[in-house]
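K.L.:
First the structure, then my questions, so here it is.
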Amino acid sequence: MFDHVSGDFEEQKRVMNLSLVVAVVLLGAKITAAAVTGSSAVYSDAAESVVHLLAVGFAVWALRLAHKPADETHHFGHDKVSYLSSGFEGAMISAAAVLIIYEAVRQCIFGVTLDNISFGVAITAAAAGVNLVLGLALIRVGKRRQSALIRANGLHVLTDVWSSVAVLVALGLIVLTGWKWWDPIAAMLASLNILRTGFKLIRESLGGLLDETDVEAEKNIRALLDRECAARGMSFHNFRHRHSGRVHWVEFHLVCDDALTVGQAHELATEVEASVAAMLSPDGRVISHLEPKSTAHHDERWETR
Ligand SMILES: [Zn+2]
Ligand SMILES: [Zn+2]
């Protein structure tokens with residue numbers, strides 16, 4: 036059932052492995068820069084790199100698990116772990132943001148001391164360039180492969196680009212104006228931006244884990260079911276659908292004429308199922324329950340039709 040994704044899985048693995056390698060290299064570079072400059076903006080960049088590595092490591096593990104096919108103990112596959120991964124990524128960068136705020140406040144209280152600003156500028160600019168290319172690549176692959184996990188990692192990496200830009204602007208302003216307080220100010224602004232992305236990722240992850248309704252898909256599937264059922268003299272109710280990562284699961288009850296044989300009714304149901312699956316292709320899984328008009332009833336309280 037997952038055969039058709041093996042090719043794009045290779046691409047996803049490649050781009051996430053690249054993300055991991057970049058995370059390791061940048062961690063080393065930023066720790067060095069923070070130690071040499073003593074800048075809280077650069078320090079916060081380095082602190083972010085530590086949680087960054089944790090988050091990417093978790094995502095690489097989750098990506099492998101997500102692509103394991105369904106088995107005896109996980110009948111719906113493993114791809115829901117993608118949502119856990121993007122939530123973890125959001126929680127990690129939010130933690131980094133808190134750390135950055137703490138450091139900036141500490142600097143405000145105890146004063147700003149900076150050395151070797153040009154070295155900090157060089158490292159930070161290089162990191163921003165690498166992250167910009169990586170982040171855009173991750174988002175492109177994530178969108179094309181409908182992977183919440185890879186998209187989340189891409190958003191995270193782009194957040195880091197903005198943090199680096201804030202550091203660069205701060206260090207530049209310090210050189211131009213000689214006023215050192217730009218450093219904690221930039222750190223604060225960067226951390227607010229990180230918090231914004233962090234909460235967004237956590238929010239999306241919760242939506243996925245709790246099977247939040249995809250309103251757009253719901254409208255389309257309902258419209259299709261209305262048409263397909265009307266064409267066959269049937270009606271439907273108890274329609275439910277949810278995403279488990281990339282697979283879209285759909286179920287509904289079909290009400291048919293009492294006079295149809297089981298064979299005839301089943302044939303009609305199979306046609307309706309097939310057209311819904313075709314609309315959600317290639318990752319739609321559709322199942323229906325058949326009932327005769329005389330005993331049909333709704334079970335779902337929230338469903339009005
Ligand atoms: Zn990061
Ligand atoms: Zn029913």
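Using my numbering, you'd call the opening residue of the sequence shown number 36 and step up by one each time. Cβ atoms here follow ideal geometry from the backbone N, Cα and C, with glycine treated the same way.
1. Return the CA-CA distance between residue 109 and residue 180, expressed in angstroms with no decimal places.
2. Which word fits residue 39, buried or exposed, when buried means at least 16 other C-beta atoms lie within 10 angstroms of its C-beta?
3. Cα-Cα, which of 221, 216 and 302 is closest to residue 203?
4. Please go through the same chain and pick out, in chain order, the residues whose beta-carbon is closer than 7 Å to the beta-carbon of residue 97, but skip the five residues on each side of it.
5. What does the shell around ligand 2 hold, if a residue joins when its beta-carbon is under 6 Å from any heavy atom?
6. Residue 138: beta carbon under 7 Å from a heavy atom of ligand 1?
7. Among the candidates 138, 255 and 156, whose CA atom is the shortest distance from the CA of residue 72?
8. Any chance the CB of residue 83 is under 7 Å from a heavy atom of ligand 1?
9. Please classify residue 217 as buried or exposed, where buried requires at least 16 other C-beta atoms within 10 Å of its C-beta.
10. Would DSSP call residue 292 helix, strand or coil?
11. Indicate the three-state DSSP secondary structure (helix, strand or coil) for residue 191 in the structure shown.
12. Below 7 Å CB to CB, which residues in the same chain sit around residue 49 once its five sequence neighbours on both sides are set aside?
13. Kindly indicate which residue of 280, 258 and 281 has the alpha-carbon position closest to the one of residue 274.
14. Touch check for the segment 134 to 147 and the segment 99 to 108: three-plus C-beta pairs under 8 Å?
15. Please report how far the alpha carbon of residue 173 lies from the alpha carbon of residue 162, in whole angstroms.
16. Assuming residue 81 and residue 226 are in contact, meaning their beta carbons sit under 8 Å apart, how far apart are those beta carbons, in whole angstroms?
17. So if DSSP puts residue 284 in a beta bridge, which residue, or which two residues, is it bridged to?
18. Can you grab the Cα-Cα spacing for the pair residue 340 / residue 251, in whole Å?
19. At 4 residues or longer, and completely inside the segment 203 to 283: list those alpha helix (DSSP H) runs for me, N to C.
20. Taking the Cβ atom as the reference point for each residue, do residue 169 and residue 79 lie within a distance shorter than 8 Å?
21. Evaluate the contact criterion for the segment 227 to 238 versus the segment 271 to 285: three or more CB pairs, one atom per stretch, below 8 Å.
22. Find the nearest neighbour of residue 341 within the set 112, 123 and 150, judged by alpha-carbon distance.
23. With DSSP run on the structure shown, which of helix, strand or coil describes residue 315?
24. Please confirm if the segment 317 to 332 is in contact with the segment 284 to 291, defined as three or more CB-CB distances below 8 Å between the two stretches.
25. Following a CB-centred definition, is residue 66 positioned closer than 7 Å to any heavy atom of ligand 3?
P.N.:
Let me spell this out:
1. 22 Å
2. For residue 39, the predicted structure reports a pLDDT of 44, less than 50, and the residue's modelled location is therefore unreliable. The matter cannot be settled from this model.
3. 221
4. 116, 117, 119, 120 and 184
5. 272, 273, 288, 326, 331 and 332
6. no
7. 156
8. yes
9. buried
10. coil
11. helix
12. none
13. 258
14. no
15. 16 Å
16. Rounded, the Cβ-Cβ distance is 13 Å, inconsistent with contact.
17. 277 and 320
18. The pLDDT assigned to residue 340 is 48, lower than 50, so where the model puts this residue is not dependable; a value taken from the coordinates is nonetheless given after this. So the two alpha carbons sit approximately 18 Å from each other.
19. 217 to 244 and 250 to 266
20. no
21. no
22. Summary: the structure shown does not reach residue 341, with the chain confined to residues 36 through 340, and so no result is reported for it.
23. coil
24. yes
25. Ligand 3 is not among the ligands present in this structure, which contains only ligand 1 and ligand 2.
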